[in-house]
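Below: one structure, written as structure tokens.
Number of protein chains: 6
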Amino acid sequence: MPTLHLEMHPGRTLEQKRAFVREVTRVTVETLVCPPESVDIVITEVPRDAWAKGGKLLADG
Amino acid sequence: MPTLHLEMHPGRTLEQKRAFVREVTRVTVETLVCPPESVDIVITEVPRDAWAKGGKLLADG
Amino acid sequence: MPTLHLEMHPGRTLEQKRAFVREVTRVTVETLVCPPESVDIVITEVPRDAWAKGGKLLADG
Amino acid sequence: MPTLHLEMHPGRTLEQKRAFVREVTRVTVETLVCPPESVDIVITEVPRDAWAKGGKLLADG
Amino acid sequence: MPTLHLEMHPGRTLEQKRAFVREVTRVTVETLVCPPESVDIVITEVPRDAWAKGGKLLADG
Amino acid sequence: MPTLHLEMHPGRTLEQKRAFVREVTRVTVETLVCPPESVDIVITEVPRDAWAKGGKLLADG
Numbered sequence: 001m002p003t004l005h006l007e008m009h010p011g012r013t014l015e016q017k018r019a020f021v022r023e024v025t026r027v028t029v030e031t032l033v034c035p036p037e038s039v040d041i042v043i044t045e046v047p048r049d050a051w052a053k054g055g056k057l058l059a060d061g
Numbered sequence: 062m063p064t065l066h067l068e069m070h071p072g073r074t075l076e077q078k079r080a081f082v083r084e085v086t087r088v089t090v091e092t093l094v095c096p097p098e099s100v101d102i103v104i105t106e107v108p109r110d111a112w113a114k115g116g117k118l119l120a121d122g
Numbered sequence: 123m124p125t126l127h128l129e130m131h132p133g134r135t136l137e138q139k140r141a142f143v144r145e146v147t148r149v150t151v152e153t154l155v156c157p158p159e160s161v162d163i164v165i166t167e168v169p170r171d172a173w174a175k176g177g178k179l180l181a182d183g
Numbered sequence: 184m185p186t187l188h189l190e191m192h193p194g195r196t197l198e199q200k201r202a203f204v205r206e207v208t209r210v211t212v213e214t215l216v217c218p219p220e221s222v223d224i225v226i227t228e229v230p231r232d233a234w235a236k237g238g239k240l241l242a243d244g
Numbered sequence: 245m246p247t248l249h250l251e252m253h254p255g256r257t258l259e260q261k262r263a264f265v266r267e268v269t270r271v272t273v274e275t276l277v278c279p280p281e282s283v284d285i286v287i288t289e290v291p292r293d294a295w296a297k298g299g300k301l302l303a304d305g
Numbered sequence: 306m307p308t309l310h311l312e313m314h315p316g317r318t319l320e321q322k323r324a325f326v327r328e329v330t331r332v333t334v335e336t337l338v339c340p341p342e343s344v345d346i347v348i349t350e351v352p353r354d355a356w357a358k359g360g361k362l363l364a365d366g
């Protein structure tokens, strides 16, 4: 711990995920004051037909 | 917010998911008193070999 | 299952929570076609100093 | 309830998942004192390019 | 990882939680074949007015 | 979306949480390429008697 769960839409590249976990870990270490090895991040990609806002699936946008 | 996460088995049609998010958003807005655009719903489909009840995977029914 | 997790701010009355779980269960049963007893709902109240949007805690308006 | 969510890497066999849910349900019933039928377990397999530790995706080991 | 999240009602003693995490970790190590130190368990106690089944809060039992 | 859930131990100051959500939002916007207003962060503080590692509650050190 700290443990972070990210939910986002699919479509980001592996390079973007790499940059995300590197940078989020860096600022987590700085602001929460903890060793880098203690930071776990789990990424979940939510398809557009599985996320709704305002009562409408994003796929139906 | 409010944010809702739904876990269910696979097998529902897109039309059922559409009806689910429309109706759940409607009753959330009515009962919790919030704007429709503030309601997010994320649907996760859990395969039958990944859900257990009473110590048995549902796939083993 | 289906299982629903709701995250919202504190401040709703017990009567609102009662209406929420009754109505959400009703429309879940109708749209996903499942028995009422199979629907679990868990409510989490997230304090305003524990939810951020746009990089700002809601408590900081 | 009780409800358990397990996150782990892919690669375990169906037989391992079967043993896991059987044994975890057994010790849950013993230690928390509840009927076996009340124990739900949901398993999520997190790919190695979706889990980071110390700022690095496990896939980049 | 593996990481486990447990949701249950309040009311268990510290001794029960101790036994739960010890036993669940033991059988997780045996069935999933992983080192004990890799097993994290997070316990969330859900109040009876925040859990509904069949459209009714458990508090209204 | 993207939505982030952070689990950590209690004890951080409000100022640390403020810095955390500001910085994590900033690097999320940069790496995932999304508007700041789309980034939600929810913080959960997990007490030391509710988190176990290696079969032991952290409270039991």
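Residue numbers (my numbering), protein chains in the order written: chain Y, 1 to 61; chain R, 62 to 122; chain C, 123 to 183; chain X, 184 to 244; chain V, 245 to 305; chain W, 306 to 366. The beta-carbon is built from N, C-alpha and C at its ideal position, and this holds for glycine as well.
1) Quick one: list the residues of chain C neighbouring L337 (chain W), beta-carbon separation under 7 Å, in chain order.
2) The beta strand (DSSP E) with V347 (chain W) in it runs from where to where?
3) On the three-state DSSP scale, how would you describe A357 (chain W)?
4) Buried or exposed: which applies to V42 (chain Y), given that a residue is buried once 16 or more other Cβ atoms fall within 10 Å of its Cβ?
5) Give me the Cα-Cα distance between C95 (chain R) and P246 (chain V), rounded to the nearest whole angstrom.
6) On the criterion of 16 or more Cβ atoms from any shown chain inside 10 Å, does L152 (chain C) qualify as buried, or is it exposed?
7) Taking all protein chains shown into account, decide if T333 (chain W) is buried (16 or more other Cβ within 10 angstroms of its Cβ) or exposed.
8) Is the CB-CB distance between L179 (chain C) and L65 (chain R) below 8 Å?
9) According to DSSP, which residues form a beta bridge with E129 (chain C)?
10) What does DSSP give as the partner residue(s) for L301 (chain V) in the beta ladder?
11) One question on the structure: do A174 (chain C) and T330 (chain W) come within less than 8 Å of each other, judged by their Cβ atoms?
12) Within 10 angstroms of the Cβ of L319 (chain W), are there 16 or more other Cβ atoms? Answer buried if so, exposed if not.
13) Does chain A have any CB closer than 8 Å to the CB of D162 (chain C)?
14) Quick one: list the residues of chain X neighbouring T257 (chain V), beta-carbon separation under 8 Å, in chain order.
15) For the putative contact between G366 (chain W) and V283 (chain V), defined by C-beta atoms under 8 Å, what is the C-beta separation to the nearest angstrom?
16) Give the straight-line distance between the Cα atoms of E23 (chain Y) and L337 (chain W), rounded to the nearest whole angstrom.
17) Compare the C-beta of R353 (chain W) with all C-beta atoms of chain C and state if any pair is closer than 8 Å.
18) Given P10 (chain Y), which residues of its chain have a CB within under 6 Å of its CB, disregarding the five upstream and five downstream residues?
With the given structure in hand:
1) Numbered from its first residue, the sixth sequence carries residue 337 (chain W) at position 32. In chain order: nothing, as chain C lies at least about 14 Å away.
2) For the purposes of this step, residue 347 (chain W) is taken as the residue at position 42 of the sixth sequence. That run of the beta strand (DSSP E) goes 345 to 350.
3) By 1-based counting over the sixth sequence, the position of residue 357 (chain W) is 52. In the structure shown, A357 (chain W) sits in a strand (DSSP, three-state: E or B).
4) Position 42 of the first sequence, counted from the start, is the residue given in the question as residue 42 (chain Y). So V42 (chain Y) ends up on the buried side.
5) As a position in the second sequence, residue 95 (chain R) is number 34, starting the count at 1. As a position in the fifth sequence, residue 246 (chain V) is number 2, starting the count at 1. Between C95 (chain R) and P246 (chain V), the C-alpha separation is close to 37 Å.
6) Indexing the third sequence from 1 puts residue 152 (chain C) at position 30. The displayed chain sequence assigns Glu, not Leu, to residue 152 (chain C). E152 (chain C) comes out exposed.
7) Residue mapping note: residue 333 (chain W) aligns to position 28 of the sixth sequence, counting from 1. With 16 or more other Cβ atoms within 10 Å, it is buried.
8) Position 57 of the third sequence, counting from 1, holds the residue named residue 179 (chain C). Position 4 of the second sequence, counting from 1, holds the residue named residue 65 (chain R). For L179 (chain C) and L65 (chain R), no; Cβs fall outside 8 Å.
9) Within the third sequence, residue 129 (chain C) is the residue found at index 7, counting from 1. DSSP output for E129 (chain C) lists R:T64, C:T166 as bridge partner(s).
10) For the purposes of this step, residue 301 (chain V) is taken as residue 57 along the fifth sequence, with counting starting at 1. Answer by DSSP bridge pairing, in chain order: V:A296.
11) If you number the third sequence from 1, residue 174 (chain C) lands on position 52. If you number the sixth sequence from 1, residue 330 (chain W) lands on position 25. Taking 8 Å as the Cβ cut-off, A174 (chain C) and T330 (chain W) qualify as a contacting pair.
12) Taking the first residue of the sixth sequence as position 1, residue 319 (chain W) is located at position 14. L319 (chain W) should be labelled exposed.
13) Absent from the structure is chain A; the protein chains it does hold are Y, R, C, X, V and W.
14) In the fifth sequence, counting from the first residue as 1, residue 257 (chain V) sits at position 13. Residues of chain X passing the Cβ test: none, with the nearest at roughly 10 Å.
15) Looking up residue 366 (chain W) in the sixth sequence gives position 61. Looking up residue 283 (chain V) in the fifth sequence gives position 39. In fact, because the Cβ distance is near 17 Å, the residues do not count as touching under 8 Å.
16) For this step, residue 23 (chain Y) is matched to residue 23 along the first sequence. For this step, residue 337 (chain W) is matched to residue 32 along the sixth sequence. So the two alpha carbons sit approximately 11 Å from each other.
17) The count along the sixth sequence starts at 1 and reaches residue 353 (chain W) at position 48. Chain C contact via Cβ: absent.
18) Counted from its first residue, the first sequence places residue 10 (chain Y) at position 10. Excluding sequence neighbours, P10 (chain Y) sits near E45.
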